[in-house]
Amino acid sequence: MILIGQYDSPFVRRVAIALSTYGLAFEHKPWSTFGDVDQIATFNPLRRVPTLVFDDGQAMVDSLAILEALDDLVGPERASLARPGADRRDFLRISAFAAGVADKAVSLLYERVLREQAFPLWVERCRAQVAETLTLLDAERAKRTTPYLFDDRLSHADVVLATMTRFVREALSAEFDWRPWPALVAHAERCEALPVFQAIAQPYRLVKPGES
Ligand SMILES: N[C@@H](CCC(=O)N[C@@H](CS)C(=O)NCC(=O)O)C(=O)O
Numbered sequence: 001m002i003l004i005g006q007y008d009s010p011f012v013r014r015v016a017i018a019l020s021t022y023g024l025a026f027e028h029k030p031w032s033t034f035g036d037v038d039q040i041a042t043f044n045p046l047r048r049v050p051t052l053v054f055d056d057g058q059a060m061v062d063s064l065a066i067l068e069a070l071d072d073l074v075g076p077e078r079a080s081l082a083r084p085g086a087d088r089r090d091f092l093r094i095s096a097f098a099a100g101v102a103d104k105a106v107s108l109l110y111e112r113v114l115r116e117q118a119f120p121l122w123v124e125r126c127r128a129q130v131a132e133t134l135t136l137l138d139a140e141r142a143k144r145t146t147p148y149l150f151d152d153r154l155s156h157a158d159v160v161l162a163t164m165t166r167f168v169r170e171a172l173s174a175e176f177d178w179r180p181w182p183a184l185v186a187h188a189e190r191c192e193a194l195p196v197f198q199a200i201a202q203p204y205r206l207v208k209p210g211e212s
């Protein structure tokens, strides 16, 4: 398999962490969405990352869809990051809110860096969406006493909560004061201390169109 995208993306990182946790071998192409867009386009017309290219040559996008496919590939015995059963709705709900924050953070970032002048209404909308959803997620994390969200083992939901937190803190460091969200910070620190998080990491760096 080939995984396309850089590890400063919270979406690419969550997929790489799953591949690595499941012991699935993959070739990593750390291509930038802007600097290496032509190379990405040869595999994926949508030109987004993560792109996962399976051994039969089929390319797939969207981190949640990719994780579902990986869980199917390894089967229920090996899919240790999946949480089927009673917690499924919470698992999907928290995962989707965390990924949604990352989506809106990416939108805000692009608005700030790709336009000569950011559109204030959009900036304020993204800022409110990110901040208020971080408050929701912090409360979800704070009310749980287990080491990870659902039990004492890492799940896909824990992973995206942590990769999102690192991304927003690094890429939009001037934008948000994290003091209101201590449970998220503590959660991210716990995850970032794990060997798989340390091995699959890259400090955030923006590559604009035309740069490499
Ligand atoms: N919902 C997607 C979001 C992926 C995403 O936003 N990727 C960004 C990089 S972090 C990207 O490809 N940006 C370039 C673009 O959207 O054209 C997922 O979960 O994979």
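Each residue of the sequence shown is one higher than the one before, counting from 1 in the numbering used here.
The beta carbon of each residue, even a glycine, is placed where N, CA and C say it ideally should be.
- Beta-bridge analysis with DSSP links A59 to V53.
- In the three-state reduction of the DSSP assignment, I66 falls in the helix class.
- Annotated three-state conformation of I4 is strand, per DSSP.
- Residue burial annotation: V12 is buried, with at least 16 other C-beta atoms found within 10 angstroms of its C-beta.
- Our two residues, A157 and V113, have alpha carbons roughly 29 angstroms apart in a direct line.
- Nearest to F176 by C-alpha distance, out of T133, V207, R115, is T133.
- Annotated three-state conformation of K29 is strand, per DSSP.
- With the rule of 3 Cβ pairs closer than 8 angstroms, the segment 176-189 counts as touching the segment 136-143.
- At a threshold of 6 angstroms, R48 counts as near ligand 1, since its beta carbon sits closer than that to one of the ligand's heavy atoms.
- Of the candidates G5, A18, I4, A18 places its Cα closest to the Cα of F197.
- Sequence-distant Cβ neighbours of A69 in its own chain, meaning closer than 7 angstroms and more than five residues away, are M60.
- Around the CB of R166, 16 or more other CB atoms lie within 10 Å, so the residue is classed as buried.
- For V207, the secondary structure class from DSSP, reduced to helix, strand or coil, is coil.
- By the 16-neighbour rule on beta-carbons within 10 angstroms, G75 is exposed.
- Its Cα nearest to that of V159, the residue A82 stands out among N44, A82, K208, P120.
- For T33, the CB falls within less than 6 angstroms of some heavy atom of ligand 1.
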